[in-house]
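Residue numbers (the numbering used here): 60 to 330. By construction, the Cβ of each residue, glycine as well, lies at the ideal position given by its N, Cα and C atoms. Computed from a predicted structure; not experimentally measured. Report on one structure; see the data block that follows.
Below you can see the structure in the form of structure tokens.
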């Protein structure tokens, strides 16, 4: 509904949601503000940025993600709770949306990428929205006047309330747990984006990522630990040995594994 009236959209963030929006949005001017030195830094190394940028700027020419087919169950909140918080969007959030039909006007899509920039504050001037941001290279402050802001800045663990109970938090702000999702307090467990997994002998093929696949796996480990005990949970899982994740970006299938990424390029010359 917001995009129907928008001619200039500001996207803040450099993760999966921002990447998908850049590829899917049509008929609109887009400014993409990222705090990193290159785009898609959460998933890809800098040396493939040129290939990624070409795909994103071109965008989806026809069809929809997964051809509009939902791969997982779709849940929605009541219409009376528009401000309610919920879980991660998951892989299907834009699969059933035809972005080409959102706006009746067919303005040419244009994309401006602002690298190494951070938002400092927002303000309004009448009905106009003003966004002030700073370039981290030269320290200069500039401003934008978009119609709509889409904040895709990632996940912040909602753990502050629990630290008052004596729970420890890791570097990412998540509640510290072991490989059985146990906290230092007896009978208190945590899993998913709200936790920070601390392993005594971590595998070099695994590290924690704020992805729905890891959250689901940790939920399974946590449930087993709560019901059958920590040792039983450790015996039945290999989730902390190897990281892998399958998704799609800019119209290509992507398989992520720890320390390296494999992409299904159209032909071998693009590898």
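Looking at the unbroken beta strand (DSSP E) that takes in residue i, where does it start and where does it end?
i: residue 314; result: 311 to 316
i: residue 70; result: 67 to 71
i: residue 87; result: It is not in any beta strand (DSSP E) - residue 87 carries neither H nor E in the DSSP assignment.
i: residue 305; result: 303 to 308
i: residue 262; result: First-last for residue 262: undefined, no H or E at that position.
Quick check on DSSP: helix, strand or coil for residue i?
i: residue 79; result: helix
i: residue 111; result: helix
i: residue 92; result: strand
i: residue 319; result: Note that residue 319 has pLDDT 49, beneath the 50 cutoff, so the model's placement of it is unreliable and the number below is only indicative. Here residue 319 sits in strand by DSSP.
Output yes or no for whether 7 Å exceeds the beta carbon distance between residue i and residue j.
i: residue 78; j: residue 308; result: yes
i: residue 280; j: residue 296; result: yes
i: residue 63; j: residue 161; result: yes
i: residue 229; j: residue 255; result: yes
i: residue 183; j: residue 61; result: no
i: residue 190; j: residue 269; result: no
i: residue 73; j: residue 87; result: no
i: residue 253; j: residue 231; result: no
i: residue 241; j: residue 289; result: yes
i: residue 89; j: residue 170; result: yes
Name the two residues that bound the continuous alpha helix (DSSP H) containing residue i.
i: residue 284; result: 271 to 287
Using CA coordinates, which residue listed in the options is at the minimum distance from residue i?
i: residue 97; options: 226, 81, 175; result: 175
i: residue 210; options: 61, 71, 62; result: 71
i: residue 201; options: 180, 273, 299, 63; result: 180
i: residue 66; options: 236, 295, 285, 204; result: 204
i: residue 284; options: 315, 313, 173, 236; result: 236
i: residue 113; options: 121, 172, 75; result: 172
i: residue 314; options: 272, 105, 286; result: 272
i: residue 286; options: 189, 85, 246; result: 246
i: residue 303; options: 274, 288, 90; result: 274
i: residue 68; options: 244, 225, 81; result: 81
i: residue 300; options: 226, 276, 290, 102; result: 276
i: residue 85; options: 119, 76, 107, 75; result: 119
i: residue 260; options: 234, 294, 238; result: 238
i: residue 196; options: 167, 177, 312; result: 177
i: residue 264; options: 222, 116, 170, 298; result: 298
i: residue 250; options: 244, 104, 198, 233; result: 233
i: residue 153; options: 311, 244, 76, 278; result: 76
i: residue 316; options: 101, 243, 222; result: 101
i: residue 311; options: 192, 224, 168, 115; result: 115
i: residue 227; options: 199, 212, 257, 198; result: 257
i: residue 91; options: 224, 212, 157; result: 212
* Taking only runs that begin and end inside the stretch 164 to 252, name each unbroken beta strand (DSSP E) of 3 or more residues, in chain order. => 169 to 173, 176 to 184, 187 to 194, 200 to 203, 207 to 210, 234 to 236
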